[in-house]
Amino acid sequence: MMENSPIENDAVRRFSVFHRFLHIFVMISFTFLAVTGFSLSFSDQGWAGLVVSLLGGAESAAGFHRFCAALFYLVVVSHLIWLGYFKVVLKGRWTGSHTMIPNATDWENILQNFRYIFGKGEPPLFNRFSYLEKIDYWAVLLGMQSMGVTGLLMWHPEAFSAVLPGYAINIANEFHFHEAILAVGYIGVVHMTATHLTPEAFPLEKSIFNGRIARRRLKAEHPGEWKDRYAPTAPSEGTTDPADAAS
Amino acid sequence: MKTKVIVPAALGAAFLLMGVLLLTKSEAPSPAGAVSQPEPAVVAVAAPEPMEAPAPVELPASTAEKPERACLDCHRYANINTNEGVLAANGMCNECHADPACDRTINGHKASLHVTPEELGKYPHEFVACVQCHADVARSPHQSDAGAQCRTCHSVHGEKTAHAPHLRVDCQACHRRSEVVRLDKTDYRVKLAGVDADGKPVDLSDHRLAEADSEDNCRKCHQADNVVGAPAAILPAKSALCILCHPASLAFGHPIFALAILIGVAGVFLTLRFWLQGSVEGEERSMHRKIDLGAEAVWRTVFSRKFFSMLRVLFLDILLQRRILKESVARWSVHSLIYTAILARFALSLLAGIRFWFDPENPMALALMDKNHGFTGFIYDLLGLFILAGIVWVVIRRYVVKPEHVVTEIADNVAVALIGLLVVFGFIAEGVRITVSQIPPELGIHSFIGYFLSQLFSLSDWNWQRVYPWLWWIHALLGAAFVAYLPFGKMRHMFNTPLTYLIEDVSGVKREKRV
Numbered sequence: 006m007m008e009n010s011p012i013e014n015d016a017v018r019r020f021s022v023f024h025r026f027l028h029i030f031v032m033i034s035f036t037f038l039a040v041t042g043f044s045l046s047f048s049d050q051g052w053a054g055l056v057v058s059l060l061g062g063a064e065s066a067a068g069f070h071r072f073c074a075a076l077f078y079l080v081v082v083s084h085l086i087w088l089g090y091f092k093v094v095l096k097g098r099w100t101g102s103h104t105m106i107p108n109a110t111d112w113e114n115i116l117q118n119f120r121y122i123f124g125k126g127e128p129p130l131f132n133r134f135s136y137l138e139k140i141d142y143w144a145v146l147l148g149m150q151s152m153g154v155t156g157l158l159m160w161h162p163e164a165f166s167a168v169l170p171g172y173a174i175n176i177a178n179e180f181h182f183h184e185a186i187l188a189v190g191y192i193g194v195v196h197m198t199a200t201h202l203t204p205e206a207f208p209l210e211k212s213i214f215n216g217r218i219a220r221r222r223l224k225a226e227h228p229g230e231w232k233d234r235y236a237p238t239a240p241s242e243g244t245t246d247p248a249d250a251a252s
Numbered sequence: 002m003k004t005k006v007i008v009p010a011a012l013g014a015a016f017l018l019m020g021v022l023l024l025t026k027s028e029a030p031s032p033a034g035a036v037s038q039p040e041p042a043v044v045a046v047a048a049p050e051p052m053e054a055p056a057p058v059e060l061p062a063s064t065a066e067k068p069e070r071a072c073l074d075c076h077r078y079a080n081i082n083t084n085e086g087v088l089a090a091n092g093m094c095n096e097c098h099a100d101p102a103c104d105r106t107i108n109g110h111k112a113s114l115h116v117t118p119e120e121l122g123k124y125p126h127e128f129v130a131c132v133q134c135h136a137d138v139a140r141s142p143h144q145s146d147a148g149a150q151c152r153t154c155h156s157v158h159g160e161k162t163a164h165a166p167h168l169r170v171d172c173q174a175c176h177r178r179s180e181v182v183r184l185d186k187t188d189y190r191v192k193l194a195g196v197d198a199d200g201k202p203v204d205l206s207d208h209r210l211a212e213a214d215s216e217d218n219c220r221k222c223h224q225a226d227n228v229v230g231a232p233a234a235i236l237p238a239k240s241a242l243c244i245l246c247h248p249a250s251l252a253f254g255h256p257i258f259a260l261a262i263l264i265g266v267a268g269v270f271l272t273l274r275f276w277l278q279g280s281v282e283g284e285e286r287s288m289h290r291k292i293d294l295g296a297e298a299v300w301r302t303v304f305s306r307k308f309f310s311m312l313r314v315l316f317l318d319i320l321l322q323r324r325i326l327k328e329s330v331a332r333w334s335v336h337s338l339i340y341t342a343i344l345a346r347f348a349l350s351l352l353a354g355i356r357f358w359f360d361p362e363n364p365m366a367l368a369l370m371d372k373n374h375g376f377t378g379f380i381y382d383l384l385g386l387f388i389l390a391g392i393v394w395v396v397i398r399r400y401v402v403k404p405e406h407v408v409t410e411i412a413d414n415v416a417v418a419l420i421g422l423l424v425v426f427g428f429i430a431e432g433v434r435i436t437v438s439q440i441p442p443e444l445g446i447h448s449f450i451g452y453f454l455s456q457l458f459s460l461s462d463w464n465w466q467r468v469y470p471w472l473w474w475i476h477a478l479l480g481a482a483f484v485a486y487l488p489f490g491k492m493r494h495m496f497n498t499p500l501t502y503l504i505e506d507v508s509g510v511k512r513e514k515r516v
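Sequence lines, in order, name chains A and B.
In this text, residue positions in the first sequence follow my numbering: the first is 6, and each later residue adds one.
In this text, residue positions in the second sequence follow my numbering: the first is 2, and each later residue adds one.
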């Protein structure tokens, strides 16, 4: 159940409805992709047999896997279209401190964070997106391209082996499988712990679901964004609200 | 010390293994090298058994000319999943079928069973064992009961490329080049014919695949006065708009359907634009902000406790039409007959489409796709009858009884006429389809209205094969008009009314003030 309280004075918007929507789609399709994909690769395991039979057999599970893959890629395409909309209609910027583009500050932040973790300094002053969030973003955006290409090769082996040598399908299979383990491992270990297992957010980081974040948390976790949005005395214009700038 | 010995030994073993692998690989044919295959006869495939009256073929008595062989040369099952196994298995078939003199006699005429590599065609069947498809011929007596099997490897394709009636057509009838087709009266399937109309055998040794997409290929059956019960014209596949009432693909289909869908979608966008003319939460100008604020409000409402109250409205007021029932039982009955039946047909069609997409071999998906299946034929006819009954009731109320409070506008007439004609022509087209396709009574009877009509039609000696395409087009164009008209006319209430109910519920409008 999502947050149901009236707009707290203490909360500001961090993610637009569109981005919450995309995240839910990615979340669901990623989970089903992992469940169906691993059930098919580890087919000799008991749990895999159970999952596959629940989905109506191996063919059906494979169909479901491809459906979720198409859904996932639809999110990627929607995001890219949104980037165009952000640039052209909202007159936003693709580069800069509020965007997902990595910059030198991120490297500083990583070092500063390690100093902080070992008790040798202040916490780093993250901007709108911390380096971990940038890694999350680029891992998905780039990872989806390679998963998409290798997946397509296995989806239509006849068509691709007319152009590529036959062993390309086997290579694609290996890549797809190992990258899947990498992706699930990364999401399961890094993404989950880095978002939910923090004292401020535990047990559940809700801001990607209700789009809101407490002012004091924004100030503590994204001081750079806080400074740009609330510190300047000039009133912020509607279309340049950084809440829309989640590129 | 020991490990130093093991490493070179392991390396040596690896090289040996690689050498063996390379050697075996060079023996196997590769797609690129197939053209220059030194012994082309090796990859030939056995001819299919002529489909009619399969009689055991006398194997040549001249086995003395053949080389000496051990029992296991024949009595074994080669692993046809490997290229070596395919070559070994095909070698047996080719002992006879590579011989130009290989033939059989049907009705006093000789039919060639000689298969050449050129006639076998290219990819993908070039490297498939004969017995992979002709699964039941390697036995004594040498004959086939089932014919060549396609669906052990291939799954049946859906509405996009072929209509549901093609579920009663054998794969070979479209995908092989032979032009002679017949309707098998034992299982009512359309098949390739082994003999032509004069009883002469048809040469089926050419294994190349036909261009199944070309219209010329469709005209094998789809021409005037064909014997297999196909309509005399080639009709397009169903479009995504048909999924309101029939299982259909998600393709646009024929340009007319695509246009109808585009008009419908454009209408929805125009309506949304009209709605967004007003201010949203105080925002007057920026469309981006209006959509943003509106979406935020919807999001917050859906993910709140109000969700359950919305669910209640959805079930009671929208699905079960409680508010109409409170007004008048007659009105509720009329409305439910039409609306529930269309909704049920939509749900069934969607289920069939989704199930088929995930697993084309699923028996339930195939049953729901097949118009002649007992359940599908019955339930679609019954639901169609409900819609028709509702429309008839509406017509009586509006134009005969004329209660005072019922005001009939032009938009009402258009809506009633569209749905009514759509259903009437649907039933007529179904009846003619059953007449034309010669569906046996035990199958056709499930579509009780269509079958009844087909019996009526068969009393006349009209050429129904020529009539059917006209009926199909009238029904399809009415359907296209219905979808294009959805966001403009009376049908708009399908979206407006539920939305109004939900908004009233969420914003707490009192009953007296409801519109």
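Ideal Cβ positions, reconstructed from N, Cα and C, are used throughout, including at glycine.
Rounded to the nearest whole angstrom, the C-alpha separation of F308/B and G62/A is 35 Å. Contact between the region 15–32 of chain A and the region 291–303 of chain B is present: 3 or more CB-CB pairs across the two stretches fall below 8 Å. The beta carbons of T41/A and F69/A sit closer together than 9 Å.
Among the residues of the region 24–35 of chain A, those with a Cβ less than 9 Å away from any Cβ of chain B are R25 and F26, in the order of the chain. H126/B places its beta carbon less than 9 Å from that of L210/B. Excluding sequence positions up to five before and after A39/A, its CB lies within less than 6 Å of the CB of V189, all in the same chain and listed in chain order. Bounds of the alpha helix (DSSP H) holding S44/A are V22 to S46. With the criterion set as a beta carbon lying under 9 Å from some beta carbon of chain B, the members of the region 31–60 of chain A are L60, in sequence order. Membership of S459/B in any alpha helix (DSSP H) is not indicated, and neither H nor E is assigned to it by DSSP.
With a threshold of 9 Å between beta carbons, G62/A makes contact with chain B.
D226/B carries a coil assignment under DSSP once its states are collapsed to helix, strand and coil. Under the DSSP definition of a beta bridge, P202/B partners with V196/B. Put simply, the backbone Cα of E163/A is about 32 Å away from that of K372/B.
Contact with chain B is absent for F165/A, since none of that chain's Cβ atoms lies less than 9 Å from the residue's Cβ. The Cβ atoms of R467/B and A233/B lie closer than 9 Å to each other.
If you draw a straight line from the Cα of S179/B to the Cα of L205/B, it is about 7 Å long.
A direct Cα-Cα distance of roughly 25 Å separates N363/B from P441/B. Among the CB atoms of chain A, one or more fall inside 9 Å of the CB of E362/B. Assignment of I107/B by DSSP, reduced to helix, strand and coil, places it in the strand class. Assigned with DSSP and collapsed to three states, I392/B falls in helix.
For the region 289–302 of chain B, the residues whose beta carbon sits under 7 Å from a beta carbon of chain A are, in order, H289, R290, D293, A296, E297 and W300. For H76/B, DSSP assigns no beta-bridge partner whatsoever. When rounded, the separation of the alpha-carbon atoms in V170/B and L263/B is 33 Å.
In the structure shown, D185/B adopts extended strand secondary structure according to DSSP, grouped into three states. Approximately 34 Å separates the beta-carbon atoms of C246/B and R177/B; this is outside 8 Å, ruling out the contact.
With a threshold of 9 Å between beta carbons, W474/B makes no contact with chain A. Around S83/A, the same chain offers L27 as residues with beta carbons nearer than 7 Å, after the five sequence neighbours per side are excluded. Taking the beta carbon of W358/B as reference, the chain A residues within 7 Å of it are G68, listed in sequence order.
Annotation: the region 201–287 of chain B contains the following complete segments of the alpha helix (DSSP H) (minimum length 4 residues), in chain order: 216–219 and 256–276. Under DSSP, H289/B forms no beta bridge with any residue. By the C-beta density criterion, P208/A is exposed, having fewer than 16 other C-beta atoms within 10 angstroms. The beta carbon of G216/A sits closer than 9 Å to some beta carbon of chain B. DSSP places A67/A inside the alpha helix (DSSP H), whose first and last residues are A63 to V93. If you check each beta-carbon in the region 93–120 of chain A against every beta-carbon of chain B, the ones closer than 9 Å belong to V94 and L95. When DSSP states are grouped into helix, strand and coil, A71/B belongs to the coil group.
Inclusion of F359/B and F165/A in the CB contact set at 9 Å is not warranted, their separation being larger than that value.
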